[in-house]
Amino acid sequence: MTPGQPLMVCEHCDAVYRRRNLARREVARCMRCGAILERHQWLSLDKQFALIVAAGIVFIIANVEPIVQVSLGSSHATTTLWGAAIAMWNDQSQVVAVLAALTLFFFPLTQILIFGWLLAFARHGERAPGFRQAMVMLHYVRPWSMIEVFMLGSLVAVVKASSYFTVVPGAGIWSFGVLTLMITVFASHDPRQLWHKTAGNDA
Amino acid sequence: MTDVVTARELGVVGCHVCGLVSRAEHVPPGATCPRCHVPLHRRKTNSLARTWALLLAAAVLYLPANLLPIMRTVSLGDVDDNTILTGVIELWRNGSADLAIIVFVASIVVPMTKFIVLGTLLVSAQRKSGWALKQRARFYRLVELVGYWSMLDVFVVALLSALVHFQVLSRVEPKPGVIYFGLVVVLTMLASMSFDPRLIWDRKETDD
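In order, the protein sequences belong to chains A and B. Using numbering that gives the first Met the number 0, the first residue of the first sequence is number 0, and each one after it goes up by one. Using numbering that gives the first Met the number 0, the first residue of the second sequence is number 0, and each one after it goes up by one.
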């Protein structure tokens, strides 16, 4: 088997195409099934690295700052993401607690750390130690990160609670909002670009 | 559609993980991608059987997920159990029609669409049907894209249960429905991941 780099295969229908460079805003679509083959990567590796570092910082804030505060008379209560997971654990819903911890904390964290690690080397054209394993792991972790859903969920929770209590949004909810925007930017960037943007003996 | 050449016709195979295209007339079991070392295969392994199994499991759990309450609100001794649907109705009555629609779409329309779309895809792929190929491909991509949004209600219950803990005055507790619902979302996500959209286009060809 010899690598045939100029070719690309549609992941959705197996049609074969010859890769060509895309201009800004261009998206290559499969002629047969209409799936996206490749998007123009409009952020350079340096910019992607800057963005992932920023995402890491916002992620920390999102996890330590309260999401909302509710008040009933003179008593107040706040919660963080972990508060929500722990509440589920203590209330006979351990499955939900584990799901929330994985999809809102461990998977996004893994994604940020691995992608940051890969980009830190890739911006100098190098492959980070453990490059291959990291790339494979990133591929499998990607669909399981649900920060955006949690963002919308906290808005729904705020509205539901506001019909009975005084609700004050905390810094956590804003951080999740900012993270959602960052995730949207990353969604148009395929980590697989790193295979051909770094020096290796295969590409 | 005659101008499209498939990987099999060309004697190549694309890695499902890293995208590298390798030359291979036949893909023997145990072949790995020379670049990322994951197993190479033309189609996802046992795609139809796995997708059926996961989808049926999800359908079974979907009943308790909708029939059992997902959340209990206690205020001054007044107990109120909410299912997914009554939660939506309550949002609507309290004047948040927009959010009620969002929750309704995420919790009811999206899972139902998944069952219908994946079920249709499975049956038509088994028959190697040539019906509505492009539309079926598009529906599969839609299911992949929106699938995880159904987790919305689960996160809402988690947040409210953590927040509303005012002793006897007011409390929110999760109820078993929310566990079933979370599992339904995970199972349907796994089901759509195990379905191989390439099967939509495979007609009267041999698999390896």
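Yeah, the Cβ is synthetic: ideal placement off N, Cα and C, and Gly gets one too.
Task: Through-space distance from Ser128(B) to Val52(A), alpha-carbon basis - done: Here residue 52(A) corresponds to residue number 53 of the first sequence, with the count starting at 1. Here residue 128(B) corresponds to residue number 129 of the second sequence, with the count starting at 1. Whole-angstrom Cα-Cα distance: 48 Å.
Open item on the list: So if I threshold CB-CB distances at 7 Å, which residues from the segment 148-175 of chain B count as touching chain A?
Closed with: Trp148, Met150, Leu151, Val153, Phe154, Val155, Ala157, Leu158, Leu159, Ser160, Ala161, Leu162, Val163, His164, Phe165, Leu168, Ser169, Glu172, Pro173
TODO: Flag this pair as yes or no: are the beta carbons of Met70(B) and Gly86(B) separated by less than 8 Å?
DONE: Taking the first residue of the second sequence as 1, we reach residue 70(B) at position 71. Taking the first residue of the second sequence as 1, we reach residue 86(B) at position 87. It is a contact, given that the beta carbons lie within the stated cut-off.
Task: Assigned exposure category for Asn45(B) - 16 Cβ within 10 Å defines buried - done: In the second sequence, residue 45(B) corresponds to position 46, counting from 1. Classification of Asn45(B): exposed, given that the 10 Å Cβ count is below 16.
Task: Assumed close pair Val12(B), Leu39(B) - CB separation to whole angstroms, cut-off 8 Å - done: For the purposes of this step, residue 12(B) is taken as the residue at position 13 of the second sequence. For the purposes of this step, residue 39(B) is taken as the residue at position 40 of the second sequence. Right, their Cβ atoms sit about 6 Å apart.
TODO: In the DSSP assignment, find the beta strand (DSSP E) that holds Pro168(A) and state where it starts and stops.
DONE: To locate residue 168(A), count along the first sequence from 1; it is residue 169. Counting along the chain, the beta strand (DSSP E) containing Pro168(A) begins and ends at 165-168.
Task: is_contact[Gly18(B), chain A] using C-beta, thresh 8 Å - done: Locating residue 18(B) in the second sequence gives position 19, counting from the first residue. Interface residue, yes.
Task: Proximal residues of chain A, C-beta to C-beta of Val4(B) below 8 Å - done: Here the question's residue 4(B) lines up with position 5 in the second sequence. By Cβ distance, chain A contributes Ala14, Val15.
Task: Pairwise C-alpha distance: Leu60(B) and Val95(A) - done: Within the first sequence, the letter at position 96 stands for residue 95(A). Within the second sequence, the letter at position 61 stands for residue 60(B). One C-alpha to the other measures close to 15 Å.
TODO: Return the chain-ordered ranges of every alpha helix (DSSP H) run that is complete within the segment 72-152 of chain B and spans a minimum of 4 residues.
DONE: 83-92, 96-103, 109-125, 132-145
TODO: Give the straight-line distance between the Cα atoms of Phe48(A) and His123(A), rounded to the nearest whole angstrom.
DONE: Counted from its first residue, the first sequence places residue 48(A) at position 49. Counted from its first residue, the first sequence places residue 123(A) at position 124. Between Phe48(A) and His123(A), the C-alpha separation is close to 11 Å.
TODO: Determine the chain B residues that contact Met87(A) at a beta-carbon separation under 7 Å, and present them in chain order.
DONE: To locate residue 87(A), count along the first sequence from 1; it is residue 88. Chain B residues near Met87(A): Ala157, Ser160, Pro173.
Open item on the list: Within 8 Å, do at least three Cβ pairs link the segment 140-154 of chain A to the segment 178-197 of chain A?
Closed with: yes
Task: Extent of the continuous alpha helix (DSSP H) run through Gln91(A) - done: As a working mapping, residue 91(A) is identified with position 92 in the first sequence. Unbroken run through Gln91(A): none, as it is neither H nor E.
Open item on the list: Let me make sure I understand the geometry here. Which of Cys32(B), Val109(B), Leu121(B) has the alpha-carbon closest to that of Ala136(B)?
Closed with: As a first step, residue 136(B) must be located in the second sequence, where it is residue number 137. The shortest C-alpha separation from Ala136(B) is found at Leu121(B).
Open item on the list: I'd like to know if Thr109(A) contacts chain B, where contact means its C-beta is closer than 8 Å to some C-beta of that chain.
Closed with: The residue labelled residue 109(A) in the question sits at position 110 within the first sequence. Not an interface residue.
Open item on the list: Could you tell me the alpha carbon to alpha carbon distance between Ala202(A) and Arg41(B), rounded to whole angstroms?
Closed with: The residue labelled residue 202(A) in the question sits at position 203 within the first sequence. The residue labelled residue 41(B) in the question sits at position 42 within the second sequence. At Ala202(A) the pLDDT is 45, less than 50, meaning the model places this residue with poor confidence; the figure from the coordinates comes in the next sentence. Computed Cα separation, rounded: 21 Å.
TODO: Kindly indicate if chain B contains any beta-carbon less than 8 Å away from that of Gly33(A).
DONE: On the first sequence, position 34 is the one that residue 33(A) refers to. So yes, Gly33(A) belongs to the interface.
Open item on the list: Taking only three categories from DSSP, how would you classify Glu147(A)?
Closed with: Translated into positions along the first sequence, residue 147(A) becomes position 148. In the structure shown, Glu147(A) sits in a helix (DSSP, three-state: H, G or I).
Open item on the list: Within 10 Å of its beta-carbon, does Tyr16(A) have 16 or more other beta-carbons around it, so buried, or fewer, so exposed?
Closed with: Here the question's residue 16(A) lines up with position 17 in the first sequence. That one is buried.
Open item on the list: For a test of the three-state rule: what should DSSP assign to Thr1(A), helix, strand or coil?
Closed with: Position 2 of the first sequence, counted from the first residue, corresponds to residue 1(A). Any reading at Thr1(A) must be qualified, since the residue scores a pLDDT of 40, below 50, and its modelled position is unreliable; no value is offered.
TODO: Would you check if the distance between the CB atom of Val67(A) and the CB atom of Gly169(A) is smaller than 8 Å?
DONE: Position 68 of the first sequence, counted from the first residue, corresponds to residue 67(A). Position 170 of the first sequence, counted from the first residue, corresponds to residue 169(A). Yes. Within cutoff.
Open item on the list: Only counting the same chain, and skipping five residues up and downstream in sequence, which positions put a Cβ closer than 8 Å to that of Met188(B)?
Closed with: Along the second sequence, read from residue 1 onward, the residue named residue 188(B) stands at position 189. Counting only Cβ-Cβ distances below 8 Å, and skipping sequence neighbours, we find Gly146, Tyr147.
Open item on the list: Excluding the 5 residues flanking Gln93(A) on each side, which residues of the same chain have their C-beta closer than 8 Å to its C-beta?
Closed with: Taking the first sequence and counting its residues from 1, one reaches residue 93(A) at position 94. Within the same chain, Gln93(A) has close Cβ partners Met87.
- [ ] Determine, using beta carbons only, whether Leu98(B) comes closer than 8 Å to chain A.
- [x] Within the second sequence, residue 98(B) is the residue found at index 99, counting from 1. Yes, its Cβ sits closer than 8 Å to a Cβ of chain A.
Open item on the list: Taking the straight line between their C-alpha atoms, what separation do you get for His164(B) and Ala56(B)?
Closed with: Here residue 164(B) corresponds to residue number 165 of the second sequence, with the count starting at 1. Here residue 56(B) corresponds to residue number 57 of the second sequence, with the count starting at 1. If I take the Cα positions, the gap works out to 34 Å.
Open item on the list: If the criterion is Cβ atoms closer than 8 Å, does the pair Ala133(A) and Leu108(A) meet it?
Closed with: As a first step, residue 133(A) is located in the first sequence; it is residue number 134 there, counting from the start. As a first step, residue 108(A) is located in the first sequence; it is residue number 109 there, counting from the start. Against a cut-off of 8 Å, the Cβ pair of Leu108(A) and Ala133(A) comes out as no contact.
TODO: In angstroms with no decimal places, state the Cα-to-Cα distance between Cys9(A) and Leu36(A).
DONE: Stepping through the first sequence from its first residue, residue 9(A) is reached at position 10. Stepping through the first sequence from its first residue, residue 36(A) is reached at position 37. C-alpha separation (whole angstroms): 6 Å.
- [ ] For Thr77(A), collect the residues of the same chain with a Cβ closer than 6 Å to its Cβ; drop the 5 residues on either side in sequence, then sort them by chain order.
- [x] As a position in the first sequence, residue 77(A) is number 78, starting the count at 1. For Thr77(A), where only same-chain residues beyond five positions count, the Cβ hits under 6 Å are Pro65, Gln68.
Task: Interface residues of chain A facing Asn93(B) [CB-CB closer than 7 Å] - done: On the second sequence, residue 93(B) is found 94 positions in, with the first residue counted as 1. Correct list: Ser162.
Task: CB-CB length for Ile107(B) against Ile83(B), believed under 8 Å - done: In the second sequence, residue 107(B) corresponds to position 108, counting from 1. In the second sequence, residue 83(B) corresponds to position 84, counting from 1. Indeed, because the Cβ distance is near 7 Å, the residues count as touching under 8 Å.
TODO: Identify every run of the beta strand (DSSP E) within the segment 5-76 of chain B, keeping only runs that are complete inside it and at least 3 residues long; order them along the chain.
DONE: 11-13, 20-22, 70-74
- [ ] Give a yes or no on whether the minimum CB-CB distance between Arg131(A) and chain B is below 8 Å.
- [x] As a working mapping, residue 131(A) is identified with position 132 in the first sequence. Yes, Arg131(A) counts as interfacial toward chain B.
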